[in-house]
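Residue numbers for the sequence shown follow the numbering used here, so the first one is 873 and each next one is one higher. We put the CB at the ideal spot given by N, CA and C, even for glycine. Read the structure below first, then the notes.
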Amino acid sequence: MNVSSRFDVAGHGVIVTGGASGLGLAYGEVLAAHGARVTLIDVDETALGREVARLEGGGLEVRGAVADVTDHAALDRVIDEAADVHGRLDVAFA
């Protein structure tokens, strides 16, 4: 049995905070590579746009949402948008 068969997240709706760099980006990329529909959330719009474009260019289903996680109203908004776009949310990686 390979690792990929144990990590089946195909079709799952996922949000990842800190998604433009570091661990957030790494987890988002791995989840998307295994079939999840991922929304990366970050305050850095430039870095977020660059990484979303790179991942989409690799055929992954990823979108970006700009929000500061300390702004609860903005965070609620982007989480609600992700749920609408993905049809569901199964995982929140923060």
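On the premise that threonine 911 lies in contact with isoleucine 887, defined as a C-beta separation below 8 Å, what is that separation, rounded to the nearest angstrom?
That belief holds up - the Cβ atoms of isoleucine 887 and threonine 911 are roughly 5 Å apart, short of 8 Å.
Contact between the segment 920–933 and the segment 945–956: three or more CB pairs below 8 Å?
The segment 920–933 is not in contact with the segment 945–956.
Can you tell me whether histidine 958 is buried or exposed? The criterion is at least 16 other CB atoms within 10 Å of its CB, across all chains shown.
Buried, by the Cβ-count rule.
Sub-8 Å separation of alanine 905 and histidine 884 beta-carbons:
With contacts defined by Cβ atoms closer than 8 Å, alanine 905 and histidine 884 do not form a contacting pair.
What number of angstroms, rounded off, separates the C-alpha of isoleucine 913 from the C-alpha of arginine 960?
Rounded to the nearest angstrom, the two C-alpha atoms are 16 Å apart.
Could you check if alanine 945 is buried or exposed, using at least 16 other CB atoms within 10 Å of its CB as the buried criterion?
Flag for alanine 945 reads exposed.
State the DSSP-derived secondary structure class of alanine 946, mapped to helix, strand or coil.
Note: alanine 946 maps to helix in three-state DSSP.
In terms of alpha-carbon separation, which member of Asp940, Asp916 and Val881 lies closest to glutamate 901?
The residue among Asp940, Asp916 and Val881 with its C-alpha nearest the C-alpha of glutamate 901 is Val881.
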